[in-house]
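Under mature numbering (1 follows the signal peptide of the UniProt record, and there is no 0), residues -23 to -1, 1 to 408 are what the sequence shown spells out, in order. Every residue, glycine too, gets a C-beta built ideally from N, C-alpha and C. Inspection log for the structure reproduced underneath, given as structure tokens.
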Amino acid sequence: MRQSHQLPLVGLLLFSLIPSQLCEICEVSEKNDITPLLNTMIHSKYTRGPSTANVLLSLKLVGIQNQSLRQEMIKQIKYNVKMRVSDLSSGELALIILGLGACRSPEETLIYDYHLIDQLENKFQAEIKNMETHNDNPLTNYYQLSLDVLALCLFDGNYSTAEVVKRFNPENKNYYFGSQFSVDTGAMAVLALTCVKRSLINGQVKADGGDLMKISNYTKSLVDKILSKKKRNGLIGNTFSTGDAMQALFVSSDYYNENEWNCQETLKAVLMKISQGAFSIPTAAAQVLPALLGKTYLDVNRDSSCVSGSGNFNISIPEPVTVTPPESQSNISVNYSVRINETYSANVTVPEGSVFLAVMEKAQEINQTIFCFTMEESQWGPYITSVQGLWASNDDRTYWELLSGGKPLSQGVGSYVVHNGENLEVRWRTY
């Protein structure tokens, strides 16, 4: 536990400048607007996997109560922390802590029964150590590193403010994917830095006065970068980064002018994407839901009861609808390529409605040597780990990029639905 310190006068003055309310709360007014998100989180098979904690956190933050679903998720999380905590990444463990402790509830005791804060501290230090020995590259990524800091900050874990200041400079390469600023990474960093800033101001942690100024400057710079990624339709970055961006902008209203962001416009754009079925993976649905109801991860409060608020919907879990497949299903043809130093291509036929992964599997059947690949399950669904035996690596900052018509895809290999005549490609890339 960290020591409490008397609030200095300068801290008191700074504290008085923190807005007591979020800048502009724009939230959905109709339950129907979020019903597709709830159905995704309830019925998808991935809710029973790595995304469980993310879904639990989201539902608890917005006040949605369903005991049977909650018990099932707690059971899954308990198994993970009891049997395979060493296999969890730092960010996965941070999300588990946030989900279990989002509000006062019986499952919060699991955090302390299994010493999860201590284990997260160790994983966070392992991330830092890897950065020191591998050209500033963490074991995972800066999104997870930000989740680590946020969870440690909210749950009185030990972390070094000086280390945060050293690592979270907005010009750090880890905020970028290729040459593009990663909006969701920057947004999660804003949430983490805001928590650290508040802890400094209220005296929960002790730090150099210059650290507070640097954290404020970092936050301002990151907010500017996030706002620079606004699109004409209101989305920020891409469809899936917009929820995180909204959270970051909710808590940082003192760093931008009111006319720099139209929250209602962004909300409208997200609702349009929901109606189009964009958030078909539980993690994507869980990530956007809190912002739609005016909540952020900084609303996690283990001392507050899990009570209803303006966003409370009492839902029941309907039985899954059995869909009878059509008697005959038409096929489509796509061109699939693997590009490393040279390009290997094949024409692949798959059933209409197939996802990118089905194309890769069919291509592998055609030529095991050229099109062989491996994948792993994640909270975002399956992702490609290797092609032709060439493995993606965090240390080397390499990955397999999915493209259609030469343009990178924002959806994953297990969710992007391919179309007849499409030119699909997996390409070996560095970032």
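When the options are compared against residue i, the one with the closest alpha-carbon
i: SER35; options: GLY330, ASN57, ALA255 and ASP221; result: ASP221
i: ILE203; options: SER159, GLN102, TRP368 and GLN44; result: SER159
i: LYS59; options: SER229, GLU242 and TYR89; result: TYR89
i: ALA71; options: THR86, VAL126, SER63 and GLU242; result: VAL126
i: GLU69; options: GLY180, LYS100 and PRO147; result: LYS100
i: residue 411; options: ILE317, SER310, VAL315 and THR320; result: Any property of residue 411 remains undetermined from this structure, which presents the chain solely from -23 to 408.
i: MET18; options: THR320, SER198 and ALA263; result: ALA263
i: SER229; options: LEU199, GLY383, PRO385 and ARG47; result: LEU199
i: LEU75; options: TYR233, ALA128, LEU15 and GLU342; result: ALA128
i: VAL141; options: TRP238, LEU124 and GLN96; result: LEU124
i: PRO13; options: TRP377, LYS384 and VAL265; result: VAL265
Classification of residue i by the beta-carbon crowding that lies within 10 angstroms, buried from 16 upward
i: GLN388; result: buried
i: GLN81; result: At residue 81 the sequence reads Arg, which differs from the Gln that was named. Answer is exposed; the Cβ neighbour count stays below 16.
i: PRO259; result: buried
i: residue 462; result: No information on residue 462 is available, as it lies outside the stretch -23 to 408 that the chain covers here.
i: ASP231; result: exposed
i: ARG144; result: buried
i: LYS37; result: buried
i: SER6; result: exposed
i: GLU104; result: buried
i: LYS208; result: exposed
i: SER45; result: exposed
i: ASN400; result: exposed
i: ASP161; result: buried
i: PRO147; result: buried
i: SER281; result: exposed
i: GLN48; result: exposed
i: GLY366; result: exposed
i: ALA255; result: buried
i: THR138; result: buried
i: SER252; result: exposed
i: ILE343; result: exposed
Own chain, CB closer than 8 Å to residue i, minus 5 neighbours either side, in chain order
i: ARG374; result: ASN114, THR407 and TYR408
i: ILE73; result: ALA30, ILE54, ASN57, VAL58, LEU65 and LEU93
i: GLY382; result: GLU399 and ASN400
i: CYS130; result: TYR136, ALA169, CYS172, VAL173 and SER176
i: THR117; result: SER66, SER67, GLY68, GLU104 and ASN371
i: HIS111; result: ASP372
Identity of the residues DSSP links to residue i by a beta bridge
i: LEU367; result: VAL364
i: TRP377; result: TRP405
i: LYS384; result: SER381
i: GLN157; result: PHE154
i: SER310; result: THR326
i: SER282; result: ARG81
i: VAL315; result: TYR321 and VAL403
i: LYS339; result: Bridge partners of LYS339: none, in fact.
i: VAL332; result: VAL394
i: ILE213; result: LYS207
Under the three-state DSSP convention, the category residue i falls into
i: LYS272; result: coil
i: GLU354; result: strand
i: PHE101; result: helix
i: ALA323; result: strand
i: PRO359; result: strand
i: LYS207; result: strand
i: GLN42; result: strand
i: VAL298; result: Its pLDDT being 44, under 50, VAL298 is placed unreliably in this model, and the coordinates cannot settle the point.
i: ILE178; result: helix
i: GLU235; result: helix
i: ASN31; result: helix
i: CYS349; result: coil
i: residue 432; result: Shown here, the chain extends from -23 to 408; a query on residue 432 therefore has no answer.
i: PRO259; result: helix
i: PRO115; result: coil
i: PHE227; result: helix
i: residue 412; result: Given a span of -23 to 408 for the chain in the structure shown, any question on residue 412 remains unanswerable.
i: ASN57; result: helix
i: TYR120; result: helix
Contacting residues, own chain, Cβ-Cβ under 7 Å from residue i (five flanking each side not counted)
i: THR362; result: THR351, MET352, GLU353, TRP368 and ALA369
i: GLY391; result: VAL332, LEU334, GLY358 and PRO359
i: PHE154; result: TYR408
i: GLN224; result: ALA164, LEU168, PRO267, ALA268, THR273 and TYR274
i: LEU170; result: PHE145, ILE192, TYR195 and THR196
i: SER307; result: GLU329
i: ILE213; result: VAL160, ILE203, LYS206, LYS207, THR219, ALA222 and THR243
Contacting residues, own chain, Cβ-Cβ under 6 Å from residue i (five flanking each side not counted)
i: ASN149; result: none
i: ASN210; result: ALA246
i: ALA340; result: TYR313, ALA323, VAL325 and PHE348
i: LYS250; result: THR216
i: CYS3; result: CYS240, GLN241 and LEU244
i: LEU248; result: ASP10
Near the ligand NAD: residue i beta-carbon under 7 Å from a heavy atom
i: LEU15; result: The model depicted lacks the ligand NAD and carries no ligand whatsoever.
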